[in-house]
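Residue numbers (mature numbering (1 follows the signal peptide of the UniProt record, and there is no 0)): -35 to -1, 1 to 484.
Ideal Cβ positions, reconstructed from N, Cα and C, are used throughout, including at glycine.
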Amino acid sequence: MKNALLTGTARRGRRTALGFVVAVAAVSGANPVYAQSVFSSNTTPLSGLPDSQFGTAGTTSVTGGAATATWPTPTTQGDIDQGASRLYDPTAIPATQRPAPPENTVENDDLNQPVEQDLNQQYDQPADDDPGPLDRTQWEERYREGADAPGMRLGTFVLRPSVNQSINTEVTRDHGSKETRNYLATGIRGTLTSDWSRHALTITGQGVYERNLNGNQNNADPNARIGADLRLDIADDTVAHIIGNYSFEREDVADPNAVGNASEQAGVHQFETEASIEREVGRIHGLAAIGASRNVYTDAKLSDGSVLSMKDRDRTGIDGRLRLGYELSPAIIPFAEVALGHTSYDRRRDSAGYERSSDNYAARAGVAFDFGEKLRGELAGGYQRVSYEDARLDAVNAFTADGNVSWSPRRGTDINIGLRSTVQDSTAAGQGGWAEYQLSSVLAHQMRDHLVARLTGSATLRDFQESGNNNVTWITGAGLTWSINRYLDMTGDIEYETTTGGGSDQDILRAGIGLTLRR
């Protein structure tokens, strides 16, 4: 979820650090989600994650849709040389508290001699002055820069690509049947960030391509996402964002809208764009945004070789939202937000004869908080209503809870928690839709300098208000990332997924090992 309101200190820091990271993401469970959401276009509840927490391509579904966290490029900020390599000394005296140098007296002439020329210093580079001790935040940021691949400079941009090649196995049990699939997965992920003195452009992309080893490619589910965020610094207290996203993913067989007895589920192309403007007036923080989305479905292939058209599900949505917050302190900003939208289907009636175009209304209130590297995030609760044009379809009314929290209880340990609520349109005759609630979490701990362990978990509740046949999907996983060097990682992951309730009884076990090449 995008944080629309930030503290003044955090806002200035993020402007200097190349802006927000926005990426098109899929739900961090097994099923893709294309919901009616009038708040954030980002569909994953998790915030940006570093490379070491994504794990093995084709195995990890909880972290697979999260954005890639980006760090500032090595530039000089104030008195801190971001390209230097220093150790953090918590007992050292800060530079601002150091005693002044002695005056130019006869007794101290030996302390005021001209600086000796460094023969190893390049003539076109400035002198490497000692910036002094670093505080914890600066030390942790520099440690990440030293551990991460430097990237490739392309003019005024820095590209940080990575490729993960893995071999995986998947065992699916569904109503007494068992199916085993062994497959190769290639995951590509990259971030392109600008290095401008004003404004910023961030482009993120990721994709996974699977190929079964047994030759049958029916269950190979490719996915791809790309997103761009252009930040415009209009004035000191006014910032605008122009965002564009694209994603492709196949519907999962466990999705309530999946086609039964299909050898290949329908693919979903999703396009999104949004323009927003944020402004601070004293303690008042405001945001106004307008967005549009487009969903296009490919045909589903049935087991008998025929195809089933999904064109009656193609739709276009437009929405707007307003947000107002009040800064109680530099770290705490309560806010209220209202939104409305309209979804229009290309075909007035679907294959069952129902008019599924709808109006969407939502409101929520919450608090955004930023206590530095230790704790930051946003939590909100509210209400959402989706009413359909067809009087035979009941409106969906749902209480919502959204947010994400990033917490670092100790150095080397990071916990990310995401919560998201959406309303999904149904394809079943006589049913309007359902409310979906998802909680995702990632715990990462640096066991050694080059070894990171992680635990992941996700729970998704689908509330079918009309039928009451609710179901829950649970996902839990564990993995390791070993950094062989700054350019090469080895990953290993195992994940278990189960869906219960509503007539569903499916268990999936995945395991994989891979290599990640970074630049």
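For residue i, the three-state DSSP class (helix, strand or coil)
i: Asp139; result: strand
i: Asp458; result: strand
i: Asp220; result: coil
i: Gln430; result: coil
i: Arg278; result: helix
i: Gln130; result: strand
i: Gln18; result: helix
i: His234; result: strand
i: Gln171; result: strand
i: Gly479; result: strand
i: Pro295; result: coil
i: Leu178; result: coil
i: Thr392; result: coil
i: Lys266; result: strand
i: Glu338; result: coil
i: Pro374; result: strand
i: His250; result: strand
Sequence-distant residues of the same chain with beta carbon closer than 7 Å to residue i, five excluded per side
i: Thr465; result: Asn436 and Val437
i: Val80; result: Summary for Val80: the model assigns pLDDT 49, below 50, so the residue's position carries little reliability, and this model does not support an answer.
i: Ser469; result: Ala219 and Asn436
i: Ser228; result: Asn183, Lys266, Leu267 and Ser268
i: Leu293; result: Pro299
CA-to-CA distance, residue j to residue i, given in whole angstroms
i: Met412; j: Tyr211; result: 36 Å
i: Leu166; j: Phe364; result: 35 Å
i: Asp335; j: Ile297; result: 7 Å
i: Trp372; j: Leu344; result: 14 Å
i: Glu175; j: Thr21; result: 12 Å
i: Asp311; j: Thr281; result: 8 Å
i: Gly120; j: Arg163; result: 16 Å
i: Lys339; j: His415; result: 22 Å
i: Gly116; j: Asp16; result: 13 Å
i: Gly285; j: Phe213; result: 24 Å
i: Asp324; j: Arg278; result: 16 Å
i: Gly346; j: His250; result: 19 Å
i: Ala360; j: Tyr461; result: 35 Å
i: Gly225; j: Phe19; result: 32 Å
i: Ala409; j: Ala31; result: 15 Å
i: Thr421; j: Gly479; result: 18 Å
i: Ala301; j: Arg288; result: 6 Å
i: His206; j: Asp139; result: 45 Å
Integer Cβ distance of residue i from residue j, believed to fall under 8 Å
i: Gly477; j: Ser131; result: 5 Å
i: Ala150; j: Asn133; result: 6 Å
i: Arg483; j: Thr24; result: In fact, because the Cβ distance is near 19 Å, the residues do not count as touching under 8 Å.
i: Gly342; j: Asn369; result: 5 Å
i: Ser127; j: Gly155; result: 7 Å
i: Gly395; j: Arg357; result: 7 Å
i: Ala189; j: Gly172; result: 4 Å
i: Gln230; j: Ala265; result: 6 Å
i: Gly256; j: Glu239; result: 4 Å
i: Gly444; j: Arg419; result: 5 Å
i: Ser328; j: Tyr348; result: Strictly speaking, residue 328 in this sequence is Ala, with Ser absent from that position. Between Tyr348 and Ala328 the Cβ distance is about 6 Å, and since that is below 8 Å, they are a contact.
i: Arg196; j: Val204; result: 6 Å
Neighbour-count burial assignment, residue i, 16 or more Cβ in a 10 Å radius
i: Glu144; result: exposed
i: Leu11; result: buried
i: Gly290; result: buried
i: Thr158; result: buried
i: Pro374; result: exposed
i: Ser423; result: buried
i: Met275; result: buried
i: Asn129; result: buried
i: Ile208; result: buried
i: Thr378; result: exposed
i: Ser406; result: buried
i: Asn260; result: buried
i: Pro200; result: In the sequence as displayed, the identity of residue 200 is Ala instead of Pro. Burial call: exposed.
i: Asp202; result: exposed
i: Val272; result: exposed
i: Arg376; result: exposed
i: Ser241; result: buried
i: Gly318; result: exposed
i: Gly433; result: exposed
Same chain, Cβ closer than 8 Å to residue i, five either side skipped, listed in chain order
i: Asp428; result: Ala363, Trp399, Ala400, Glu401, Tyr402 and Asn435
i: Arg313; result: Glu320 and Ser322
Closer than 6 Å: residue i CB and nearest the ligand SAM heavy atom
i: Gln235; result: In terms of ligand content, the structure shown is empty, and the ligand SAM therefore cannot be addressed.
6 Å Cβ shell around residue i - same chain, five flanking residues per side excluded
i: Asp454; result: Thr446, Ser448 and Thr481
i: Glu354; result: Glu320 and Ser322
i: Thr137; result: Glu144 and Ile473
i: Arg(-21); result: Residue placement at Arg(-21) is poorly supported in this model, since its pLDDT is 38, which falls under 50; the coordinates still yield a value, given next. Nothing listed; no residue qualifies.
i: Ile380; result: Trp372 and Leu408
i: Asn222; result: Thr392
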